[in-house]
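The next block holds one structure in the form of structure tokens; read it before the comments.
Protein chains: 2
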Amino acid sequence: MTHYQLPINLLIADDHQLIADGLSQILEAEKMVGKIHIAKNGKEAVEKALTENIDCVIMDINMPELNGLEATKIIKKEKPAIKVVVVSMQCDAAIVNKMLRAGADAFINKDTGKSELLVAIKKVMQHEKYISPEISLNLFTHLNDRKVHYDADNAKHLTPRETEIIRYIAEGLTNHDIANKLFLSTVTVDTHRKNILAKLGLKNTASLVKYAADNKLL
Amino acid sequence: MTHYQLPINLLIADDHQLIADGLSQILEAEKMVGKIHIAKNGKEAVEKALTENIDCVIMDINMPELNGLEATKIIKKEKPAIKVVVVSMQCDAAIVNKMLRAGADAFINKDTGKSELLVAIKKVMQHEKYISPEISLNLFTHLNDRKVHYDADNAKHLTPRETEIIRYIAEGLTNHDIANKLFLSTVTVDTHRKNILAKLGLKNTASLVKYAADNKLL
DNA sequence: ACAAAAATACCGGTAATCGTGTATTGACTG
DNA sequence: CAGTCAATACACGATTACCGGTATTTTTGT
């Protein structure tokens, strides 16, 4: 079942000594874990990741010298085989996204149990990604809440036809293009566009597309 | 622990008889489940949800007459207390988002086990939301893939000045406005704009703003 | 059935952008 | 030190969007 080599050599990157030690203690009790290195900032993490024999990095985000995001980018660029498990207190959509884009393989919350950490490590060593369910649920429900607000405030008073036309505008179609596509007159499309601008208090196509993007109408 | 009333009366909305029956079979074996109603399209689902005594709807998305999205909106508008568990084959970000915005309480994949369904029902009856981990993971990793491509392919070769100008464009400023703000000639701003369009293979301001929004340049 | 909202369509004029070029300057790079 | 890139600036015709109206026909909601 386990396709990865044992033992797993780890690097714990966290500026808080206590946390690093705690994680270390938890992990060294596991028989699948080999050597455990510790780095107390991002710079040190990069150095050790590139010189020592490391399979997987347990990465904090907020660190002096070089933060977890930048450290992850560098490590993944230089040695893509090294897996990165992010352990963070913040877990809003923006940071999760950034870390994943930086190449992180797993993202778990600092206040979840140790079993979560072990699951994450196992998953990434099998070349799978992992995000703890608590985090993803939070992200989605919060995302959802925000959307409801947007809808209530703004998007609501746009008609379906207007929304449809916004989408085409955002794709770069001109009034004329849209008219052909929807079998309308160009002046009709232009009227819709004008109505939308008036309703939303905007002045031109550019700001309209930005509005649409911000309000996830696309 | 369980704050919800037992038994739970269910409504299964799915146009495929076999699937509806299968779900019904699974669920009626559970002691927490009371009466099980079946609807074979969205319209029927809405009717039964509003007339029968239903606590929770197991909702398919693709259905004739009225799809699961619209049906959910109506049910949630009329009777917000009724919980909606979406069981779908598609689970891309767009549809999950839409369903949640429509008021759905849970979203699970059709090919996950029955335990997943039971967990989801329990969660929603406790007024919690639920998204199966498989789905949220998929969403994030896919999101991730796409972003990496964007970065590598395009956004990289825009100059700082060009990025700066894109931002102003997206805010709705005209060439003239931007020129004043940056102490440039309007033709210079226009040149930048045209260069950006050429670089990115876009044809007008609208598509440019959309590109910027998609690539988080704003 | 009736009012309100949405979707359709037009006019005339002004302002902005698009397309296709050219050109100069400074900074960085092999 | 030649070459590339970024930033600046301009010309000119063609196309498109913006502004401020007006007006008819479907839909929709009550």
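Chains as they are written, first to last, in my numbering: chain F, 102 to 319; chain E, 102 to 319.
Beta carbons are placed, not taken as given, at the ideal position from N, Cα and C, and that holds for glycine.
Bear in mind the structure is a predicted one, so any value in this text is a computation, not a measurement.
Any Cβ of chain E closer than 8 Å to the Cβ of threonine 306/F would place that residue at the interface, and such an atom is present. Taking a Cβ-Cβ cut-off of 7 Å, the neighbours of glycine 273/E in chain F comprise Leu303, Lys304, Asn305, Ala307 and Ser308, given in sequence order. Residues of the region 225-241 of chain E that bring their beta carbon within less than 9 Å of a beta carbon in chain F comprise Glu229, Lys230, Tyr231, Ile232, Ser233, Pro234, Ile236, Ser237, Leu238, Leu240 and Phe241, in sequence order. By the C-beta density criterion, phenylalanine 208/E is buried, having at least 16 other C-beta atoms within 10 angstroms. Taking C-alpha positions only, serine 125/F is separated from tyrosine 105/E by approximately 42 Å. Within chain E, not a single residue places a beta-carbon under 9 Å from that of leucine 111/F; the smallest gap is close to 23 Å. DSSP places methionine 160/F in the strand class (E or B) of the three-state scheme.
In the three-state scheme derived from DSSP, where H, G and I count as helix and E and B as strand, leucine 151/E is classed as helix. A check of alpha carbon separations from isoleucine 267/E across Ile196/E, Ala205/E, Ser308/E and Glu166/E identifies Ser308/E as the nearest. Put simply, the CB of isoleucine 176/F is far from chain E, with every gap to its CB atoms at 8 Å or more. Of all residues in the region 207-218 of chain E, none has a C-beta nearer than 7 Å to a C-beta of chain F.
Residue state for isoleucine 139/F is assigned as strand, using DSSP reduced to three classes. Contact of leucine 319/F with chain E by beta-carbon distance below 9 Å involves Lys311, Ala314 and Asp315.
In this model, histidine 117/E and lysine 141/E are separated by some 7 Å (Cα to Cα).
Between leucine 170/F and alanine 221/F, the C-beta gap is not smaller than 8 Å, which leaves the two residues out of contact.
In this structure, threonine 289/E lies near alanine 280/E, with their beta-carbon atoms less than 8 Å apart. DSSP places lysine 184/E inside the beta strand (DSSP E), whose first and last residues are 184-189. Around the beta-carbon of alanine 121/F, 16 or more other beta-carbon atoms lie within 10 Å, marking it buried. Asparagine 154/F sits exposed, since fewer than 16 C-beta atoms from the chains shown fall within 10 Å of its C-beta. Within the DSSP bridge table, the entry for leucine 303/F names no partner. Residue environment for aspartate 193/E: exposed (fewer than 16 other C-beta atoms within 10 angstroms of its C-beta).
Distances from the alpha-carbon of methionine 226/E to those of Ile127/E, Gly302/E and Met133/E put Met133/E closest.
Distance between aspartate 115/F and asparagine 305/F, taken at the CA atoms: about 48 Å. A distance below 8 Å between beta-carbons, with the five flanking residues on each side excluded, links arginine 294/E to the following residues of its chain, in chain order: Ile266, Ile270, Asn276, Thr306 and Leu309. Contact annotation: aspartate 206/F and valine 186/F have beta-carbon atoms nearer than 8 Å. Isoleucine 137/F and leucine 112/F have their C-alpha atoms spaced approximately 6 Å apart. Check the Cα spacing between serine 237/E and each of Asn198/F, Lys177/F and Ile109/F: the tightest is with Asn198/F.
For isoleucine 270/F, the nearest CB of chain E lies under 8 Å from its own CB, placing it at the interface with that chain. When Met164/F, Val147/F, Ala195/F and Ile159/F are compared, the shortest CA-CA separation from glutamate 179/F is found for Val147/F. Per DSSP, reduced to three states, the secondary structure at tyrosine 312/F is helical.
Relative to the Cα of glutamate 217/E, the nearest Cα in the group Ile127/E, Lys317/E and Thr264/E belongs to Ile127/E. Per DSSP, the continuous beta strand (DSSP E) segment holding alanine 114/E begins and ends at 109-114. Annotated as distal: isoleucine 175/F and aspartate 156/F, with beta-carbon spacing of 8 Å or more.
A residue is called buried when at least 16 other Cβ atoms come within 10 angstroms of its Cβ; alanine 172/E meets this threshold and is buried.
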